[in-house]
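Visitor: One structure, as structure tokens, below. Some questions next.
2 protein chains.
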Amino acid sequence: MIRNINDVPMNAIEMEGVKDTSMAVMVGRSDGAPNFALRSITVKPGGHTPKHSHDFEHEVYVVEGHGTVLLGDQMHLIRAGDVIYVKADLEHQFKSQGESLRFLCMVPAMRDCGEPTPGSD
Amino acid sequence: MIRNINDVPMNAIEMEGVKDTSMAVMVGRSDGAPNFALRSITVKPGGHTPKHSHDFEHEVYVVEGHGTVLLGDQMHLIRAGDVIYVKADLEHQFKSQGESLRFLCMVPAMRDCGEPTPGSD
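Sequence order for the protein chains is G and D.
This note's numbering numbers the first residue of the first sequence as 1 and each following residue consecutively.
This note's numbering numbers the first residue of the second sequence as 1 and each following residue consecutively.
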């Protein structure tokens, strides 16, 4: 299964605290992936993901653009080529800066308690 | 933890069937990642990964360059932006074409039997 991130429709993320952000699940549980899901996320200029935390980790790769990520109480600049590890239960938020920020966000397919992770389908 | 893929030393992969290929584990078990590991892999011009299969899956993102991937008995062209899902036990091989091929390769941290996955540290 091969798909290019430029050819896949993005769906707006409708969630409290999200602005101008869309997502496509590139590989997930519905593709048969048993352990983790790979999502493509675009944050338009001025947009941001929710400032939140949850009981599963993220592994992130910045594909293009500039922005910031809040990790706990620390704000960091991020740019294309950056890999970011957001451990479980750490508060985090991604924001674009100037242009769109595009990144891959990987999540485990299952939470520790054995329930599907949101957005891993 | 934030690291750019251009700032991380790459280590040559010394394995039978590999040519001119290097790897850096960007996020792995030694970083505390419990479920999956994110590795950066570069295949120099003329190089290739081994033609093999194993009991765990890959999720791959092509960062730059062109190349081919063998999936079972089918050869596919790949290019920047492509996401490739290589399911467990499927024979596969990545080759560069003309220029270096750089991709991210994610693997689960543990095999089904509970042993660490090679290259996930």
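Idealized CB from N, CA, C, for every residue including glycine.
Note down, in chain order, every chain G residue with its Cβ under 7 Å from the Cβ of D:V43.
Guide: Taking the second sequence and counting its residues from 1, one reaches residue 43 of chain D at position 43. Per Cβ cutoff of 7 Å: no residues; D:V43 is ~17 Å from chain G at best.
Visitor: Our contact map puts G:N35 next to D:E91 with C-beta atoms below 8 Å; I'd like the distance itself, whole angstroms only.
Guide: Within the first sequence, the letter at position 35 stands for residue 35 of chain G. Within the second sequence, the letter at position 91 stands for residue 91 of chain D. Actually they do not touch by this definition, with Cβ atoms about 20 Å apart.
Visitor: Could you tell me the distance, in whole angstroms, from the CA atom of D:D82 to the CA atom of D:M10?
Guide: Taking the second sequence and counting its residues from 1, one reaches residue 82 of chain D at position 82. Taking the second sequence and counting its residues from 1, one reaches residue 10 of chain D at position 10. Answer to the nearest angstrom: the Cα atoms are 22 Å apart.
Visitor: Would you kindly report the start and end of the unbroken beta strand (DSSP E) that includes G:V27?
Guide: In the first sequence, the residue the question calls residue 27 of chain G occupies position 27. Where G:V27 is concerned, the enclosing beta strand (DSSP E) stretches over 19 to 27.
Visitor: Do you know whose CA, among G:I2, G:I5, G:R111, G:M106, lies nearest G:Y61's CA?
Guide: In the first sequence, residue 61 of chain G corresponds to position 61, counting from 1. Closest by alpha carbon: G:M106.
Visitor: Between the region 32 to 46 of chain D and the region 62 to 69 of chain G, do at least 3 Cβ pairs fall closer than 8 Å?
Guide: No: fewer than three Cβ pairs fall under 8 Å.
Visitor: When burial is assigned at 16 or more other CB atoms within 10 Å of the CB, is D:L125 buried or exposed?
Guide: Lying outside 1 to 121, the shown extent of chain D, residue 125 of chain D is not represented and no answer is given.
Visitor: Answer yes or no: do D:R39 and D:M23 have a C-beta to C-beta separation smaller than 7 Å?
Guide: Numbered from 1 along the second sequence, position 39 holds the residue referred to as residue 39 of chain D. Numbered from 1 along the second sequence, position 23 holds the residue referred to as residue 23 of chain D. Contact: yes.
Visitor: Apart from the five residues on each side of it in sequence, which residues of its chain come closer than 6 Å, Cβ to Cβ, to G:I5?
Guide: Along the first sequence, one-based indexing puts residue 5 of chain G at 5. The residues are S40.
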